[in-house]
Amino acid sequence: MLATFSAAGRLRYDLGGRDEARKGNEEAGVETTRRSWMKGALAPAAGAFALPGLSRAVQAATSEYQRPKLKITGVATAMVQVHGPQAHIRIYTDQGLVGQGEATDAAVGTPALVEGFKRFLIGKDPLNVDAIWEQLRRSGIFAGAQGGQFITALTGVEIALWDLTGKALGMPIYQLMGGKFRDRVRMYCDSDMKDPDGEEGARKMPWIAEAGFTAMKMDIDDARDPARFDRVNRTASNGEIDRMVRQMRKVRDSIPKAMDLAVDMHGFYDALTGKRVAAAAEEFRLLWLEEPVPPENIDAMADIRRSTKTPICCGENIYMRWGFAELLEKHAADIIMPDIQKVGGLSEARKVANMAEAYYIPFAPHCVVSPVGTMASAHVCASVPNFLVCEWHWINHLDAWKNWVKEGEIIEKGYITVPDRPGIGVEMNDAAARKSQMPGTAWFNEKT
Ligand code: MG
Numbered sequence: 002m003l004a005t006f007s008a009a010g011r012l013r014y015d016l017g018g019r020d021e022a023r024k025g026n027e028e029a030g031v032e033t034t035r036r037s038w039m040k041g042a043l044a045p046a047a048g049a050f051a052l053p054g055l056s057r058a059v060q061a062a063t064s065e066y067q068r069p070k071l072k073i074t075g076v077a078t079a080m081v082q083v084h085g086p087q088a089h090i091r092i093y094t095d096q097g098l099v100g101q102g103e104a105t106d107a108a109v110g111t112p113a114l115v116e117g118f119k120r121f122l123i124g125k126d127p128l129n130v131d132a133i134w135e136q137l138r139r140s141g142i143f144a145g146a147q148g149g150q151f152i153t154a155l156t157g158v159e160i161a162l163w164d165l166t167g168k169a170l171g172m173p174i175y176q177l178m179g180g181k182f183r184d185r186v187r188m189y190c191d192s193d194m195k196d197p198d199g200e201e202g203a204r205k206m207p208w209i210a211e212a213g214f215t216a217m218k219m220d221i222d223d224a225r226d227p228a229r230f231d232r233v234n235r236t237a238s239n240g241e242i243d244r245m246v247r248q249m250r251k252v253r254d255s256i257p258k259a260m261d262l263a264v265d266m267h268g269f270y271d272a273l274t275g276k277r278v279a280a281a282a283e284e285f286r287l288l289w290l291e292e293p294v295p296p297e298n299i300d301a302m303a304d305i306r307r308s309t310k311t312p313i314c315c316g317e318n319i320y321m322r323w324g325f326a327e328l329l330e331k332h333a334a335d336i337i338m339p340d341i342q343k344v345g346g347l348s349e350a351r352k353v354a355n356m357a358e359a360y361y362i363p364f365a366p367h368c369v370v371s372p373v374g375t376m377a378s379a380h381v382c383a384s385v386p387n388f389l390v391c392e393w394h395w396i397n398h399l400d401a402w403k404n405w406v407k408e409g410e411i412i413e414k415g416y417i418t419v420p421d422r423p424g425i426g427v428e429m430n431d432a433a434a435r436k437s438q439m440p441g442t443a444w445f446n447e448k449t
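The numbering of the sequence shown is our numbering, which starts it at 2 and goes up by one.
If you want it as structure tokens, here you go:
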């Protein structure tokens, strides 16, 4: 279906290129054969070269190869609730091609923001991905385009533009990003486990190993810990830290020795606690300790990192190059984990990964989205040298995960094989995905 779609699209675009050439020639008052253009070009009419029509004619007539000519005709969103609110964006074109993107976490405002972007997007050439992104970002400088919901909505749009570009050119996104360093992208399983000591741990840990994952993540923050003295204060008591250490030991001893273990604190604690937990965790040789303190104070994160041998990872709540520039310059993380569905988009995530490469820092993206967004992330992971591992977070939503796209299960033995299909390379199965639709929201252009 995709191949047919793409092949037909390319044929139309080639015709479109010749149409454009004819249009340019007519506007410039020249005939439409190449020979006639050459005669015109050699004529001593220098002023005519300033004509925009002639300029287009030169571009169109000097090569038989023409880039696809598309125009955006519509944009629509659908909101789902799986791991928090997640937005799916579709961009429609005059050539019948449709691009899809996904945004997460700060995605609740996406439908309204995308509605606001629509006036700018309609009529634009979707293949100018970075230029569209930059113009929309600059338009929002006074409207919160430094992060949060604005950049998250823009991220979903950017991913849909990349999907469209790949489909229009008949190429997978990784190819358009400079090619791939690897055929398979290593995934880790977030265990989404509340009770590692009990039945849940006994059930999930063997499942993760049998599924072929080579790394997993667990959470140790617990606001309901009975050893907690104060629900607001960020300082963990000795009793809480003892519980964290016990749980890390339990999981470390229950999973294969070769499996990497990452541990998340969700930015829930203060610097004092972060340092104490990082020190206590050193014996477990973690893959990383994630967000021991909140994301706002990079100096505090750097202070914890300097205090311990435990690798510190953060970045899921940091946006764009400018956010990561400070993190990298201050040497605040051993590993960075931008969320590709909210950091700014595929181009932005790749730029951030390249910046980290300059510091010899690995790139391990946060990823809690559907197979659409996860596969989009896989293209970025394949295209950068310093990729370490990418998250998968749907262990509690297996049916939704397996049925979300028409291609079915995309993770095999803990790895995603990056597809050679055009664009992202997966297509949403609307009937399955719609089971997770947020009540009261539109399903793309269709009202509920
Ligand atoms: Mg986290």
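Heads up, the beta-carbon is just placed ideally off N, CA and C, and yes, glycines get one too.
Computed from a predicted model, the values in this text were never measured in an experiment.
- Query: Between aspartate 340 and the rest of its own chain, which residues show a CB-CB distance below 6 Å, the 5 nearest in sequence each way excluded?
  - Reply: As a first step, residue 340 must be located in the sequence shown, where it is residue number 339. These residues qualify, in order along the chain: Glu317, His367.
- Message: Taking contact to mean 3 or more Cβ pairs, one atom from each stretch, closer than 8 Å, check whether the region 129-136 and the region 156-170 are in contact.
- Response: yes
- Got a sec: does the ligand MG put a non-hydrogen atom nearer than 8 Å to the Cβ of glutamate 297? Looking up residue 297 in the sequence shown gives position 296. Checking every heavy atom of the ligand MG against the Cβ of glutamate 297, none is found closer than 8 Å.
- On the three-state DSSP scale, how would you describe threonine 311? For the purposes of this step, residue 311 is taken as residue 310 along the sequence shown, with counting starting at 1. DSSP places threonine 311 in coil when its eight states are reduced to three.
- Message: For valine 186, report the span of its beta strand (DSSP E) as first-last.
- Response: Indexing the sequence shown from 1 puts residue 186 at position 185. Its beta strand (DSSP E) spans residues 185-191.
- Query: In or out: isoleucine 299 buried (at least 16 other Cβ within 10 Å) or exposed?
  - Reply: Sequence index remark: in the sequence shown, residue 299 carries index 298 (1-based). That one is buried.
- Message: Which of the three DSSP states is assigned to threonine 94 in this structure?
- Response: One-based indexing of the sequence shown puts residue 94 at position 93. Of the three classes helix, strand and coil, the one that applies to threonine 94 here is strand, per DSSP.
- Item | Buried or exposed (CB count within 10 angstroms, at least 16 for buried), asparagine 26 | As a working mapping, residue 26 is identified with position 25 in the sequence shown. Confidence in asparagine 26 is poor, its pLDDT being 41 and thus under 50, which makes the residue's placement unreliable; the coordinate value appears in the next sentence. Classification of asparagine 26: buried, given that the 10 Å Cβ count is 16 or more.
- Message: Check whether the region 219-239 and the region 182-197 touch, using three or more Cβ-Cβ pairs below 8 Å as the test.
- Response: yes
- Is valine 76 closer than 9 Å to leucine 122 when the C-beta atoms are compared? The count along the sequence shown starts at 1 and reaches residue 122 at position 121. The count along the sequence shown starts at 1 and reaches residue 76 at position 75. Yes. Within cutoff.
- Item | Candidates Asp265, Glu349, Gly100, Ile305: closest to lysine 72 by CA position | Position 71 of the sequence shown, counted from the start, is the residue given in the question as residue 72. Per the Cα distances, Gly100.
- Message: Is it the case that the region 182-189 contacts the region 136-156, given that we only count it when at least three CB pairs across the two stretches are under 8 Å?
- Response: no
- Message: Need the endpoints of the beta strand (DSSP E) that valine 264 sits in, please.
- Response: In the sequence shown, residue 264 corresponds to position 263, counting from 1. Note, valine 264: beta strand (DSSP E), 261-265.
- Task: Output yes or no for whether 9 Å exceeds the beta carbon distance between aspartate 106 and alanine 377.
- Result: Sequence index remark: in the sequence shown, residue 106 carries index 105 (1-based). Sequence index remark: in the sequence shown, residue 377 carries index 376 (1-based). No, Cβ-Cβ distance for aspartate 106 and alanine 377 is not below 9 Å.
- Task: Sort out for me which residues DSSP pairs glutamate 447 with in a bridge.
- Result: If you number the sequence shown from 1, residue 447 lands on position 446. BP columns for glutamate 447 point to Trp444.
- Item | For glycine 179 and alanine 29, the rounded distance between their alpha carbons | Taking the first residue of the sequence shown as position 1, residue 29 is located at position 28. Taking the first residue of the sequence shown as position 1, residue 179 is located at position 178. Confidence at alanine 29 is low in this model, with a pLDDT of 41, below 50, so its placement is unreliable and no value can be given for it.
- Query: Does any heavy atom of the ligand MG sit closer than 8 Å to the C-beta of aspartate 131?
  - Reply: Here residue 131 refers to the residue found at position 130 when the sequence shown is read from its first residue. No, the ligand MG has no heavy atom inside 8 Å of this Cβ.
- Message: So, with DSSP's three-state summary, where would you put alanine 104?
- Response: Numbered from its first residue, the sequence shown carries residue 104 at position 103. Annotated three-state conformation of alanine 104 is strand, per DSSP.
- Query: What are the boundary residues of the beta strand (DSSP E) that glutamine 82 is part of?
  - Reply: As a working note, residue 82 is residue 81 in the sequence shown. Per DSSP, glutamine 82 belongs to the beta strand (DSSP E) from 73-83.
- By DSSP, does methionine 219 sit in helix, in strand, or in coil? Numbered from its first residue, the sequence shown carries residue 219 at position 218. Residue state, collapsed to three classes: strand.
- Whose C-alpha, out of Ser371, Ser56, Ala334, is nearest the C-alpha of asparagine 404? Along the sequence shown, read from residue 1 onward, the residue named residue 404 stands at position 403. It is Ser371 whose Cα lies nearest to the Cα of asparagine 404.
- Task: Look up glutamine 147 in the DSSP assignment and say whether it is helix, strand or coil.
- Result: Your numbering for residue 147 matches position 146 in the sequence shown. Coil, per DSSP.
- Item | Range covered by the alpha helix (DSSP H) that runs through tryptophan 208 | Residue mapping note: residue 208 aligns to position 207 of the sequence shown, counting from 1. Segment 200-211, the alpha helix (DSSP H) holding tryptophan 208.
- Query: Are alanine 379 and isoleucine 417 close, meaning C-beta to C-beta below 9 Å?
  - Reply: Within the sequence shown, numbered from 1, the residue matching residue 379 stands at position 378. Within the sequence shown, numbered from 1, the residue matching residue 417 stands at position 416. Their beta carbons are under 9 Å apart, which means alanine 379 touches isoleucine 417 by this criterion.
- Going by CA-CA distance only, name the one from Leu177, Ala146, His84 that's closest to leucine 128. The sequence position of residue 128 within the sequence shown is 127, counting from 1. The candidate whose alpha carbon is nearest that of leucine 128 is Leu177.
- Answer yes or no: do valine 264 and glutamate 291 have a C-beta to C-beta separation smaller than 9 Å? For the purposes of this step, residue 264 is taken as residue 263 along the sequence shown, with counting starting at 1. For the purposes of this step, residue 291 is taken as residue 290 along the sequence shown, with counting starting at 1. Their beta carbons are under 9 Å apart, which means valine 264 touches glutamate 291 by this criterion.
- On the DSSP bridge assignment, give the partners of valine 381 in chain order. Numbered from its first residue, the sequence shown carries residue 381 at position 380. Paired residue(s): none; valine 381 is not in a bridge.
- Task: Evaluate lysine 168 with the Cβ neighbour count: other Cβ atoms within 10 Å of its Cβ, from every protein chain shown; 16 or more gives buried, anything less gives exposed.
- Result: For the purposes of this step, residue 168 is taken as the residue at position 167 of the sequence shown. Classification of lysine 168: buried, given that the 10 Å Cβ count is 16 or more.
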